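Student:
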Amino acid sequence: MRFNLLFLLFFVGKLVLAQQADVLIKHGKIINGTGNSWFWGDIAIKDGKILKIGTRLNCPANRVIDANGLMVAPGFIDVHTHIENDEKKNPLASNFIYDGVTTVITGNCGLSEVNIGSYLNMIDSLKLSVNVAALIGHNDVRKAVMGSANRHPTETELQEMELLVEKAMKDGAVGLSTGLIYIPGTYSTTNEIVRLAKIAAKYNGVYASHMRDEGDEIVNAIEETIKVGREANIPVEISHFKLSGQQNWGRSSTTIPLIEKAREQGLDVTIDQYPYTASSTSLSTLLPDWVLADGQDSINARLGKPSIRKEVKGYMLAKLNKRKLKNFSYPVVASYKPDSSLNGKSIEQVNLIKGNKHTAIAEAETIIQMMEQGGAGMVFHGMSDEDVKAIMRYPYNMFASDASIRIYKQGNPHPRGYGTNARILGKYVREEKIISLEEAIRRMTSLPAQKFRLNNRGLLYEGFAADIVVFDEKTVKDASTYNMPHQYSTGFKYILVNGEITVENGIQNSSRNGITIKNQQSK
10 MRFNLLFLLF FVGKLVLAQQ ADVLIKHGKI INGTGNSWFW GDIAIKDGKI
60 LKIGTRLNCP ANRVIDANGL MVAPGFIDVH THIENDEKKN PLASNFIYDG
110 VTTVITGNCG LSEVNIGSYL NMIDSLKLSV NVAALIGHND VRKAVMGSAN
160 RHPTETELQE MELLVEKAMK DGAVGLSTGL IYIPGTYSTT NEIVRLAKIA
210 AKYNGVYASH MRDEGDEIVN AIEETIKVGR EANIPVEISH FKLSGQQNWG
260 RSSTTIPLIE KAREQGLDVT IDQYPYTASS TSLSTLLPDW VLADGQDSIN
310 ARLGKPSIRK EVKGYMLAKL NKRKLKNFSY PVVASYKPDS SLNGKSIEQV
360 NLIKGNKHTA IAEAETIIQM MEQGGAGMVF HGMSDEDVKA IMRYPYNMFA
410 SDASIRIYKQ GNPHPRGYGT NARILGKYVR EEKIISLEEA IRRMTSLPAQ
460 KFRLNNRGLL YEGFAADIVV FDEKTVKDAS TYNMPHQYST GFKYILVNGE
510 ITVENGIQNS SRNGITIKNQ QSK
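Residue numbers (this note's numbering): 10 to 532.
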């Protein structure tokens with residue numbers, strides 16, 4: 010009986026190996042995403058899935074990739090992106106693909122399409138080079154019900170928001186996101202967020218938050234985020250965990266223990282991070298929240314009043330003084346529609362270009378004038394590399410670009426949209442040895458897949474989706490810089506998305522084999 014069973018197992022194994030694979034990756038150093046050490050092996054792929062992993066696979070294949078001397082890992086999952094409105098402009102999503110990303114989660118910071126079902130259907134019809142999962146954004150849900158009003162919702166309005174979140178979760182959203190420094194999210198109470206997070210929790214979703222503050226009041230912001238997780242009984246993801254402003258450098262020694270304590274108390278809270286000392290967001294974040302309510306016409310009407318204009322300038326100068334700076338040299342224009350020649354210039358430089366006095370108060374006036382013209386996308390310099398490293402060492406921290414699909418040569422965007430993963434692997438793993446290669450890969454693959462419940466992804470296991478990156482650990486490098494951001498990462502030799510070769514010998518082809526990944530509870 011025992012002999013017959015062994016023979017049967019041997020025969021079945023032979024049948025598996027005899028199957029014609031679509032792709033066979035041979036002689037690679039396999040990092041399977043668990044965090045364990047790499048091992049030599051081959052991977053056979055068929056019908057978009059991993060058929061077999063082993064050593065010296067004797068498997069016929071339509072295509073063989075020789076990965077000798079190269080690392081073979083699961084495709085990277087970018088848990089914090091903003092691809093909305095750029096999908097049709099560049100469905101190849103080249104900036105993500107060239108950085109090893111095969112799956113993105115969009116709808117972060119409270120910003121998403123409200124009709125998630127329609128959005129995911131559009132993505133399915135369009136087809137991108139990457140897989141897409143989406144969060145439902147609180148800011149846009151609130152706008153759909155209340156506009157940009159600076160007030161609490163009525164019970165009826167809150168129930169309308171709950172229905173929109175519920176529909177989004179049923180349609181496939183993987184969770185709820187908030188952007189509590191943005192209008193109108195900043196006007197919401199903790200209770201409002203808890204109510205909506207409870208709806209997402211019913212459908213096995215995640216609560217991902219751009220907190221109310223990432224600088225002076227960060228402790229209060231973390232505590233609020235943790236409170237939402239506890240009261241809604243929902244897993245928490247804190248977006249782009251950092252410390253902004255020179256006056257806050259070194260406070261990672263305070264903030265990280267808050268996350269550790271929450272986990273010790275039983276809350277599933279994790280964080281994500283981009284490996285840079287500059288952030289990127291709207292110019293409007295320099296102004297008081299109350300000025301920004303009710304749309305551009307209302308903003309201009311308020312700023313047109315001399316008393317309010319003076320108050321806003323005083324507010325901005327006080328924030329500048331907290332940073333211990335004399336000029337607005339730290340905000341740099343990424344995208345300014347009224348005058349693209351200002352892209353890449355700091356507010357200090359813009360003010361001088363306009364022929365104004367070299368003073369902070371003149372620069373504050375320049376900011377107001379730019380806001381009256383619709384605002385601008387900005388890059389804000391002001392974080393410590395030591396805090397970046399300290400946060401990076403925290404084991405329940407993922408890596409994320411916080412980026413859109415880049416349109417090549419358009420604007421002067423943050424380099425994180427091109428080089429986040431390559432920068433981790435090149436600068437912080439190979440050169441500075443802040444974390445190991447296997448640990449970095451775990452943070453880019455199985456940890457985000459587990460957090461957002463992306464079934465059958467994030468690991469190199471038989472039967473899992475064949476999202477795979479093949480790269481040279483000795484040469485992988487980010488090329489994008491603040492001055493010259495439109496440069497693709499290098500060192501990724503082959504990339505497969507759902508089993509289809511998308512990058513070959515370092516060059517992206519026209520393949521668009523990505524799919525939408527929906528909340529499993531939506532079925």
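Don't be surprised by glycine CBs; every beta carbon is placed ideally from N, CA and C.
The structure displayed is predicted, hence computed values, not measured ones.
1. If you pair each beta-carbon of the stretch 467-485 with each one of the stretch 75-84, do three or more pairs fall below 8 Å?
2. Compare the C-alpha of residue 340 against each of 422, 313 and 417 and name the closest.
3. Give me the Cα-Cα distance between residue 533 and residue 382, rounded to the nearest whole angstrom.
4. Relative to the alpha-carbon of residue 414, which residue among 46, 112, 376 and 345 has its alpha-carbon at the smallest distance?
5. Helix, strand or coil for residue 387, going by three-state DSSP, please let me know.
6. Does the contact criterion of 3 or more C-beta pairs under 8 Å hold for the stretch 270-284 versus the stretch 310-321?
7. Would you call residue 417 buried or exposed, if buried means 16 or more other Cβ atoms sit within 10 Å of its Cβ?
8. If you measure between the beta carbons of residue 424 and residue 491, is that distance less than 8 Å?
9. In whole angstroms, give me the CA-to-CA distance for residue 463 and residue 34.
10. Once you ignore the five residues that flank residue 237 on each side, which residues in its own chain have a CB closer than 8 Å to its CB?
11. Express the C-alpha separation of residue 144 and residue 105 in angstroms, rounding to a whole number.
12. Can you tell me whether residue 528 is buried or exposed, with buried defined as 16 or more other CB within 10 angstroms of its CB?
13. Return the chain-ordered list of same chain residues with a C-beta closer than 7 Å to the C-beta of residue 502, the five sequence neighbours on each side being excluded.
14. Residue 409 to residue 483, Cα distance in whole Å?
15. Opposite residue 219 in the DSSP bridges: which residues?
16. My parser needs the beta strand (DSSP E) runs of 3 or more residues fully inside the stretch 326-370; what are they?
17. Using only CA atoms, which one of 153, 181 and 160 lies nearest to residue 169?
18. Excluding the five sequence neighbours on either side, which residues of its own chain have a C-beta within less than 8 Å of the C-beta of residue 371, listed in chain order?
19. Quick check on the burial criterion: 16 or more other C-beta atoms within 10 angstroms. Buried or exposed for residue 133?
20. Can you list, in chain order, the residues of its chain with a C-beta nearer than 8 Å to that of residue 225? Leave out the 5 residues immediately preceding and following it.
21. Given residue 148, which residues of its chain have a CB within under 7 Å of its CB, disregarding the five upstream and five downstream residues?
22. If we count the other Cβ atoms within 10 Å of its Cβ and call it buried at 16 or more, is residue 135 buried or exposed?
23. Alpha carbon to alpha carbon, what distance is there between residue 228 and residue 262?
24. For residue 6, which of helix, strand or coil comes out of DSSP?
25. In three-state terms, what does DSSP make of residue 461?
26. With the cut-off set at 8 Å, would you say residue 405 and residue 272 are in Cβ contact?
27. Who are the near neighbours of residue 333 in its chain, counting only those whose CB is closer than 8 Å to its CB and skipping five residues on each side?
28. Sorted by chain position, which residues of the same chain lie with C-beta nearer than 7 Å to residue 50's C-beta, five sequence neighbours on each side aside?
29. From 373, 93 and 301, pick the residue whose C-alpha is nearest to that of residue 338; which is it?
30. Going by the CB atoms, is the gap between residue 248 and residue 89 shorter than 8 Å?
31. For residue 103 versus residue 520, is the C-beta distance shorter than 8 Å?
32. Looking only at its chain, what residues have a beta carbon closer than 8 Å to the beta carbon of residue 115, apart from the 5 residues adjacent to it on each side?
33. Could you give the distance in angstroms between the alpha-carbon of residue 178 and the alpha-carbon of residue 166?
34. Run through DSSP, which three-state label would residue 243 get?
35. Inspect the beta-carbon positions of residue 123 and residue 150 and report whether they are closer than 8 Å.
36. Drop a sphere of 10 angstroms on the beta-carbon of residue 319, count the other beta-carbons inside from all chains shown, and report buried for 16 or more, exposed for fewer.
Tutor: The short version:
1. Yes, the stretch 467-485 is in contact with the stretch 75-84.
2. For the residues 422, 313 and 417, the minimum Cα distance to residue 340 belongs to 422.
3. With the chain covering only 10 through 532, there is no way to say anything about residue 533.
4. Ranked by Cα distance from residue 414, the options 46, 112, 376 and 345 are led by 112.
5. Three-state result, residue 387: strand.
6. Not touching, per the Cβ criterion.
7. Residue 417 counts as exposed, since fewer than 16 other C-beta atoms from the protein chains shown sit within 10 angstroms of its C-beta.
8. Yes, Cβ-Cβ distance for residue 424 and residue 491 is below 8 Å.
9. CA-to-CA, the gap between residue 463 and residue 34 works out to about 24 Å.
10. 199, 202, 203, 206, 216, 218, 243 and 245.
11. Their Cα atoms are separated by approximately 19 Å.
12. Looking at its Cβ environment, which holds 16 or more other Cβ atoms inside 10 Å, residue 528 is buried.
13. Only residues of its own chain outside the window of five on either side were considered, and among them 79, 479, 480, 481, 514 and 515 have a CB closer than 7 Å to the CB of residue 502, listed in chain order.
14. Cα to Cα, the separation comes out at about 22 Å.
15. Residue 219 is bridged by DSSP to 188.
16. Segments of the beta strand (DSSP E) lying fully in the stretch 326-370: 340-344.
17. Of the listed residues, the one whose Cα sits closest to residue 169 is 153.
18. Closer than 8 Å at Cβ, skipping near neighbours: 360 and 365.
19. The residue in question, residue 133, is exposed, as its Cβ has fewer than 16 Cβ neighbours within 10 Å.
20. Cβ within range, chain order: 254, 256, 257 and 331.
21. These residues qualify, in order along the chain: 119, 120, 188, 191, 193 and 194.
22. With fewer than 16 other Cβ atoms within 10 Å, it is exposed.
23. The alpha-carbon of residue 262 is positioned some 12 Å away from that of residue 228.
24. Absent from the model: residue 6. The displayed extent of the chain is 10 to 532, so no value can be given.
25. Coil at residue 461, not helix or strand.
26. Judged by beta-carbon spacing, residue 272 lies within the 8 Å limit of residue 405, meaning their Cβ atoms are closer than that value.
27. 255 and 256, listed in sequence order.
28. 37, 39, 62, 63 and 64.
29. Ranking 373, 93 and 301 by Cα distance to residue 338 puts 373 first.
30. Using a Cβ distance threshold of 8 Å, residue 89 and residue 248 count as a contacting pair.
31. Their beta carbons are not under 8 Å apart, which means residue 103 does not touch residue 520 by this criterion.
32. Cβ-Cβ distances below 8 Å link residue 115 to 90, 91, 92, 93, 121, 141, 142, 143 and 144 in the same chain, with the five nearest sequence neighbours on each side left out; the list follows chain order.
33. For residue 178 and residue 166, the distance between alpha carbons rounds to 19 Å.
34. In the three-state scheme derived from DSSP, where H, G and I count as helix and E and B as strand, residue 243 is classed as coil.
35. Yes; because the gap between Cβ atoms is below 8 Å, this pair is in contact.
36. Per the 10 Å Cβ criterion, exposed.
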